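All remarks here apply to the structure that follows.
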C-alpha cells in the first residue's frame, strides 16, 4: 500500500506540474477543458460517421499509422513519401471535407447550435412532421400507392441509408407522395426520416426472419418488420394492393389503422415517449400481429 501511495503521489505531482495545477479551480478548469474537447470530438464523429467523410477520415488514420510504423522500422523511402503526403494533408482535408464544413458553419451561422448539441428537433417540430407524414400516408392509401417510411430513433441506420439516395430535405406531404409515385427513380424502397428530415430514399431493408408471419404479408411489410427487429425505429407502411395503413415497432405489426390511430401512435411514440418516460404507448397483441 505504501508503494502504491508513493506512486500515486508522484503521478499527481507530475500532472500538477505538467498541467500547471495550483488550486482547486485549476483542476475544475482542466476537467472542463478536457471534457469540452472530448464532447466536440464525439459530436464530430457522430456527424461524420454516416457520410463519405467518415471513409476519408479512416483513410487518413491508416496513413498516420503507416507513418508511425515506417519511422519505427526505419523504412526511409516510405517515410519520405508519407512525409510529403502529410505536408499537404491539411489542405487536402479542407477540400475533401468542404461539404461537411460548409454545412456545419451554415448551421452555426443560422443559430442552429441545438442541432450540433442534440441532433434532433424539438417536440413541436416532430408534431409537425407527424402531421405531414399522416397526410401523405392517408392520401397514398386512397390512391393505392405503396409506401414505406422509417422514423430513425436512437439506433443509427447508417448502413441502411448507404443503400439508398441521400435527399436531406424538409418533410412535406407533397415530397413524400412524389417520392412514392410508381415508376419514378426513388419509389422502390424505403424513406428514412432522420432529425425530422427526409434524409434518404430508395433504401433497402432487411426482411423479417419471423417464420410465424402470415403468408399474405408482402415484401414491403416484411421489410418494415425486419428493420424494427434490429433497431428501435418505427415503420409506417401503405399497402399497394389494399391501400391499408400499417405500423411496425419492435418487430410487431399493427394493421388496418385509421388516420386518427396512426396520428396517435406516432405522437405517443415519437413525441410523448421521448419527452416523458411514462408516456402512453400503443397497445399490441402478444402474437405480434393484429
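In my numbering, the protein residues as written are 432 to 721.
Each residue gets a CB set at the ideal place from its N, CA and C atoms; glycine is no exception.
Note that the coordinates shown come from a computational prediction; the quantities given were computed from them, not determined experimentally.
Residue burial classification, residue i (beta-carbon count within 10 angstroms, cutoff 16)
| i | result |
| --- | --- |
| residue 511 | exposed |
| residue 543 | Low confidence applies to residue 543: its pLDDT is 48, below 50, so where it sits in the model is not reliable, and the reading given next is rough at best. Label assigned to residue 543: exposed. |
| residue 549 | The pLDDT assigned to residue 549 is 47, lower than 50, so where the model puts this residue is not dependable; a value taken from the coordinates is nonetheless given after this. The residue is exposed, with fewer than 16 neighbouring Cβ atoms inside 10 Å. |
| residue 642 | exposed |
| residue 680 | buried |
| residue 629 | buried |
| residue 489 | exposed |
| residue 595 | buried |
| residue 636 | buried |
| residue 541 | Residue placement at residue 541 cannot be trusted, given a pLDDT of 48 that sits under 50; what the coordinates show is reported in the next sentence. Exposed. |
| residue 572 | buried |
| residue 621 | buried |
| residue 592 | buried |
| residue 476 | exposed |
| residue 600 | exposed |
| residue 568 | buried |
Beta-carbon contacts of residue i that lie in its chain and below 7 Å, excluding the five residues immediately before and after
| i | result |
| --- | --- |
| residue 582 | 624, 664, 665, 701 |
| residue 619 | 633 |
| residue 651 | 577, 579, 668 |
Cut-off 8 Å between Cβ atoms - residues of its own chain near residue i, not counting five sequence neighbours on either side
| i | result |
| --- | --- |
| residue 565 | 690, 693, 694, 697 |
| residue 497 | 509, 513 |
| residue 612 | 576, 618 |
| residue 501 | 509, 510, 513 |
| residue 494 | 513, 516, 517, 520 |
Those residues which DSSP pairs with residue i across a bridge
| i | result |
| --- | --- |
| residue 685 | 678 |
| residue 646 | DSSP, once it has assigned bridges, lists no residue as partnering residue 646. |
| residue 631 | 597, 623 |
| residue 500 | Residue 500 is not bridged to any residue. |
| residue 666 | 581, 679 |
6 Å Cβ shell around residue i - same chain, five flanking residues per side excluded
| i | result |
| --- | --- |
| residue 638 | 653, 654, 657 |
| residue 556 | 627 |
is_contact[residue i, chain B] using C-beta, thresh 8 Å
| i | result |
| --- | --- |
| residue 466 | Absent from the structure: chain B. Only one protein chain is present. |
Proximity test, residue i beta-carbon vs the ligand ATP heavy atom, cut-off 7 Å
| i | result |
| --- | --- |
| residue 692 | Within the structure as shown, the ligand ATP is missing, as the structure has no ligands at all. |
### Query
In chain order, which beta strand (DSSP E) runs of at least 3 residues are fully inside the segment 558-626?
Taking only runs of at least 3 residues, the beta strand (DSSP E) segments lying wholly in the segment 558-626 are 578-582, 596-601, 621-625.
### Message
Would the segment 650-659 count as touching the segment 555-563 if we require 3 or more Cβ pairs under 8 Å?
### Response
No, because fewer than three Cβ pairs between the segment 650-659 and the segment 555-563 fall closer than 8 Å, the two stretches do not touch.
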